[in-house]
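A.B. asks: Chains A and B, in that order, are what the protein sequence lines are.
Residue 31 is where the first sequence starts when you use the working numbering, and the numbers rise one by one after that.
Residue 31 is where the second sequence starts when you use the working numbering, and the numbers rise one by one after that.
First, the structure itself, so that you have it in front of you.
Protein chains: 2
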Amino acid sequence: MNNEMVIRITRYYRILNRLRSLGLEKVFAHNLADAAGVSAAIVRKDFSLLSIYGQKRGGYEIPELMTKLGSILGKTDKLEHVIIVGCGRIGRALMHYTGFEQDGIKVVAGFDSDPSIYNDPNHPVPVYPTSRIEDVVKESDTKVAIVTVPETATADTFQRLLSAGIQGVLNFSPITLKPIKKADGTQVIVHNVNIALELEQIFYELQSPNILQQ
Amino acid sequence: MNNEMVIRITRYYRILNRLRSLGLEKVFAHNLADAAGVSAAIVRKDFSLLSIYGQKRGGYEIPELMTKLGSILGKTDKLEHVIIVGCGRIGRALMHYTGFEQDGIKVVAGFDSDPSIYNDPNHPVPVYPTSRIEDVVKESDTKVAIVTVPETATADTFQRLLSAGIQGVLNFSPITLKPIKKADGTQVIVHNVNIALELEQIFYELQSPNILQQ
DNA sequence: TAGATTGTTAATCGATTAACAATC
DNA sequence: TAGATTGTTAATCGATTAACAATC
Numbered sequence: 031m032n033n034e035m036v037i038r039i040t041r042y043y044r045i046l047n048r049l050r051s052l053g054l055e056k057v058f059a060h061n062l063a064d065a066a067g068v069s070a071a072i073v074r075k076d077f078s079l080l081s082i083y084g085q086k087r088g089g090y091e092i093p094e095l096m097t098k099l100g101s102i103l104g105k106t107d108k109l110e111h112v113i114i115v116g117c118g119r120i121g122r123a124l125m126h127y128t129g130f131e132q133d134g135i136k137v138v139a140g141f142d143s144d145p146s147i148y149n150d151p152n153h154p155v156p157v158y159p160t161s162r163i164e165d166v167v168k169e170s171d172t173k174v175a176i177v178t179v180p181e182t183a184t185a186d187t188f189q190r191l192l193s194a195g196i197q198g199v200l201n202f203s204p205i206t207l208k209p210i211k212k213a214d215g216t217q218v219i220v221h222n223v224n225i226a227l228e229l230e231q232i233f234y235e236l237q238s239p240n241i242l243q244q
Numbered sequence: 031m032n033n034e035m036v037i038r039i040t041r042y043y044r045i046l047n048r049l050r051s052l053g054l055e056k057v058f059a060h061n062l063a064d065a066a067g068v069s070a071a072i073v074r075k076d077f078s079l080l081s082i083y084g085q086k087r088g089g090y091e092i093p094e095l096m097t098k099l100g101s102i103l104g105k106t107d108k109l110e111h112v113i114i115v116g117c118g119r120i121g122r123a124l125m126h127y128t129g130f131e132q133d134g135i136k137v138v139a140g141f142d143s144d145p146s147i148y149n150d151p152n153h154p155v156p157v158y159p160t161s162r163i164e165d166v167v168k169e170s171d172t173k174v175a176i177v178t179v180p181e182t183a184t185a186d187t188f189q190r191l192l193s194a195g196i197q198g199v200l201n202f203s204p205i206t207l208k209p210i211k212k213a214d215g216t217q218v219i220v221h222n223v224n225i226a227l228e229l230e231q232i233f234y235e236l237q238s239p240n241i242l243q244q
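As structure tokens, then:
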């Protein structure tokens with residue numbers, strides 16, 4: 031299963047969640063396709079590759095489909111833990127974001143190097159000095175970190191997270207982090223979100239003569 | 031030039047910017063490839079498709095390369111304008127972000143439906159009620175909007191932006207917006223950034239048996 | 001039945017990679 | 001010259017799409 035497919039499966043799952051809450055019980059490949067912005071052929075192909083079968087002319091049963099997709103995606107009842115490293119404005123905004131829980135994600139702690147930030151008691155989750163990352167990661171069984179530190183601190187922060195045992199990083203700094211192979215042979219998963227780069231792309235697409243689809 | 035290629039070209043440009051500021055004057059395809067996380071063959075292929083030629087054994091001249099890539103990307107001296115719609119924590123964090131300017135982007139205004147937000151004078155850029163979007167967009171010659179409204183307001187906000195003449199949207203809401211064809215036949219450019227989805231993908235990749243590369 | 005939808009196979013498409021001649 | 005790098009061609013790879021039999 032490649033990356034694109036993981037994204038699609040996750041999208042299907044979210045869409046099914048909403049359809050179910052609207053009371054629907056069945057769904058056709060082309061409905062799911064429309065909602066996910068892909069072709070019906072891809073939906074059927076994806077399900078076929080995952081050995082998920084519907085009823086000819088009857089579509090797919092939503093609860094059954096969700097169970098199967100959920101187990102493929104590794105959905106469990108318990109919340110997945112993340113930490114936020116760098117509690118500037120963006121980090122704090124994410125600490126306050128209430129939408130994570132409905133996707134099974136919980137922010138367990140924040141970290142910052144600035145005492146005026148980690149000594150401030152007004153945060154929705156505990157905030158510690160960066161020196162305590164390893165402690166807290168181990169204690170709370172956390173595998174994934176969101177990095178919202180300034181550009182200059184990115185490389186150091188990444189190193190520190192790796193030695194603390196973090197296995198996945200969502201990086202908001204404009205420095206692109208690369209998925210390094212660790213000493214034990216495992217690969218760190220890194221996703222880079224570069225907001226300025228997204229905007230630059232949009233501006234390029236606007237001025238470019240050929241119309242590109244997303 | 032497809033989307034992937036636009037991203038790579040933008041990356042090359044940024045990397046060249048840094049190399050130049052370090053005093054370098056030439057660069058080999060494989061250096062650029064390493065920094066951008068792609069293969070040297072792709073770098074040469076990209077340049078070849080763009081009719082950019084280096085010197086055999088000598089690599090590429092950085093200033094010349096930047097000029098050419100810059101003109102392809104539509105880089106100008108003047109800043110590109112964006113507005114931020116939805117001045118909650120994330121919107122405000124982006125309003126305060128100082129990194130846009132070095133990429134040629136300027137936030138000209140924010141918008142919110144809540145009077146206690148748009149009447150608050152403590153913002154780094156002017157903040158108006160959402161009813162004034164069309165005005166301000168026209169006055170300031172803005173084509174791109176960043177959407178940081180709550181999930182429930184996303185669809186309405188998108189409609190309002192379209193009728194105000196916005197041509198590109200960077201959407202942070204978990205509702206995926208689709209690039210609609212407008213009445214005049216032009217296509218709105220939409221990029222969706224879904225933070226929870228990124229985290230879900232990371233968790234999937236961590237629990238999945240096969241190691242995926244980014 | 002007729003019509004609609006699934007599931008699969010083969011064809012198409014496009015992007016990446018390999019290979020190598022050209023040349024500095 | 002020998003070695004290194006570019007630029008291009010052809011091969012490979014993989015994903016998407018088209019087409020259609022199966023079947024409800």
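Positions of the beta carbon are idealized from the N, C-alpha and C atoms, including for glycine.
Going by the beta-carbon positions, is the gap between residue 160(A) and residue 138(A) smaller than 8 Å?
C.D. replies: Against a cut-off of 8 Å, the Cβ pair of residue 138(A) and residue 160(A) comes out as no contact.
A.B. asks: Express the C-alpha separation of residue 43(A) and residue 61(A) in angstroms, rounding to a whole number.
C.D. replies: Using only the alpha carbons, I get a separation of about 13 Å.
A.B. asks: Just the chain A side, please: which residues come within less than 7 Å of residue 173(B) by C-beta, in chain order?
C.D. replies: Within 7 Å Cβ-Cβ: 236.
A.B. asks: Output, in sequence order along the chain, the residues in the segment 126-141 of chain A whose CB is closer than 9 Å to any CB in chain B.
C.D. replies: Listed in sequence order: 126, 127, 129, 130, 132, 133, 134, 135.
A.B. asks: What distance in whole Å lies between the Cβ atoms of residue 233(A) and residue 110(B), which are believed to be in contact at a cut-off of 8 Å?
C.D. replies: Yes, residue 110(B) and residue 233(A) are in contact; Cβ-Cβ is about 5 Å, under 8 Å.
A.B. asks: Going by CA-CA distance only, name the one from 114(A), 131(A), 115(A), 124(A) that's closest to residue 107(A).
C.D. replies: For residue 107(A), the nearest C-alpha among the options comes from 131(A).
A.B. asks: Exposed or buried, residue 134(B), counting other C-beta atoms within 10 Å across all chains shown (16 or more means buried)?
C.D. replies: Per the 10 Å Cβ criterion, buried.
A.B. asks: In chain order, what residues of the same chain lie with their CB nearer than 6 Å to the CB of residue 248(A), ignoring the 5 residues before and after it?
C.D. replies: The question about residue 248(A) has no answer, for chain A in this structure spans 31 to 244.
A.B. asks: Within 10 angstroms of its Cβ, does residue 230(B) collect 16 or more other Cβ (buried), or is it exposed?
C.D. replies: Buried: at least 16 other Cβ atoms inside 10 Å.
A.B. asks: At 7 Å on the CB atoms, spell out the chain A contacts of residue 112(B), in chain order.
C.D. replies: Going along chain A in sequence order, the residues near residue 112(B) (Cβ under 7 Å) are 229.
A.B. asks: Look at the alpha carbon of residue 127(A) and the alpha carbon of residue 93(B), and state the distance between them as a whole number of angstroms.
C.D. replies: Computed Cα separation, rounded: 43 Å.
A.B. asks: Starting from residue 154(B), find everything on chain A with Cβ-Cβ shorter than 8 Å and list it in chain order.
C.D. replies: Simply none; closest approach about 11 Å.
A.B. asks: Just the Cα atoms here: how many angstroms apart are residue 224(A) and residue 202(A)?
C.D. replies: Going from the Cα of residue 224(A) to the Cα of residue 202(A) covers about 6 Å.
A.B. asks: So, does the CB of residue 223(B) fall closer than 8 Å to a CB anywhere in chain A?
C.D. replies: Yes, residue 223(B) counts as interfacial toward chain A.
A.B. asks: Identify the residues that DSSP records as bridge partners of residue 200(B): which are they?
C.D. replies: Beta-bridge pairing links residue 200(B) to 176(B), 221(B).
A.B. asks: Which bits of chain A does residue 122(B) rub up against, with CB to CB less than 9 Å?
C.D. replies: The answer, in chain order, is 119, 123.
A.B. asks: Near residue 50(B), what residues of its chain come up, given a Cβ to Cβ distance below 8 Å and the 5 sequence neighbours on each side ignored?
C.D. replies: Contacts found: 92, 93, 96.
A.B. asks: Against chain A, does residue 46(B) count as a neighbour if the rule is that its beta carbon must be under 8 Å from one of theirs?
C.D. replies: Not an interface residue.
A.B. asks: Which residues in chain A have a C-beta closer than 8 Å to the C-beta of residue 213(B)? List them in chain order.
C.D. replies: Correct list: empty, because the minimum Cβ distance to chain A is about 16 Å.
A.B. asks: How is residue 98(B) classed by DSSP in three states: helix, strand or coil?
C.D. replies: Helix.
A.B. asks: Looking only at C-alpha atoms, which of 180(A), 206(A), 176(A) sits nearest to residue 196(A)?
C.D. replies: Of the listed residues, the one whose Cα sits closest to residue 196(A) is 176(A).
A.B. asks: Could you tell me which chain B residues have their CB closer than 8 Å to the CB of residue 182(A), listed as they occur along the chain?
C.D. replies: Under the 8 Å cutoff, chain B gives no residues; its nearest Cβ is about 11 Å from residue 182(A).
A.B. asks: Is residue 205(A) helix, strand or coil when you go by DSSP?
C.D. replies: Here residue 205(A) sits in coil by DSSP.
A.B. asks: Determine the direct distance from the alpha carbon of residue 154(A) to that of residue 119(A), and round the result to whole angstroms.
C.D. replies: Distance between the alpha carbons of residue 119(A) and residue 154(A) is about 14 Å.
A.B. asks: What residue from 235(B), 85(B), 165(B), 39(B) has the CA that sits closest to residue 194(B)'s CA?
C.D. replies: When only C-alpha atoms are compared, the closest one is 165(B).
A.B. asks: If we count the other Cβ atoms within 10 Å of its Cβ and call it buried at 16 or more, is residue 216(A) buried or exposed?
C.D. replies: With fewer than 16 other Cβ atoms within 10 Å, it is exposed.
A.B. asks: For residue 88(B), is the classification buried or exposed, using 16 other Cβ atoms within 10 angstroms of its Cβ as the cut-off for buried?
C.D. replies: When all chains shown are included, residue 88(B) counts as exposed.
A.B. asks: Within its chain, find whatever has a CB closer than 7 Å to the CB of residue 81(A); leave out the 5 residues flanking it on each side and keep chain order.
C.D. replies: Excluding residues within five positions, none has a Cβ falling inside 7 Å.
A.B. asks: For the putative contact between residue 210(B) and residue 185(B), defined by C-beta atoms under 8 Å, what is the C-beta separation to the nearest angstrom?
C.D. replies: The pair is not a contact, with the Cβ atoms about 11 Å apart (cut-off 8 Å).
A.B. asks: Classify residue 83(B) as buried or exposed, calling it buried when 16 or more other Cβ atoms lie within 10 Å of its own Cβ.
C.D. replies: Its Cβ having fewer than 16 others within 10 Å, residue 83(B) is exposed.
A.B. asks: How about residue 68(B) and residue 38(B): are their beta carbons less than 8 Å apart?
C.D. replies: Result yes, Cβ atoms of residue 68(B) and residue 38(B) sit closer than 8 Å.
A.B. asks: Mapping the DSSP letters down to three states, classify residue 243(B) as helix, strand or coil.
C.D. replies: Its pLDDT being 34, under 50, residue 243(B) is placed unreliably in this model, and the coordinates cannot settle the point.
A.B. asks: Using a Cβ-based criterion (distance less than 7 Å to any ligand heavy atom), does residue 66(A) qualify as near the ligand NAD?
C.D. replies: Annotation note on the ligand NAD: not contained in the displayed structure, which lists no ligands.
A.B. asks: Here's the rule I'm using: 16 or more other beta-carbon atoms within 10 Å means buried, otherwise exposed. How should residue 105(B) be labelled?
C.D. replies: Result: buried.
A.B. asks: Give the list of continuous alpha helix (DSSP H) stretches no shorter than 4 residues that lie fully inside the segment 95-173 of chain A.
C.D. replies: Entirely contained in the segment 95-173 of chain A, the alpha helix (DSSP H) runs reaching 4 residues are, in chain order, 119-126, 145-148, 163-170.
A.B. asks: Distance cutoff 8 Å, beta carbons only. Does residue 70(A) sit that close to anything in chain B?
C.D. replies: Residue 70(A) does not count as touching chain B.
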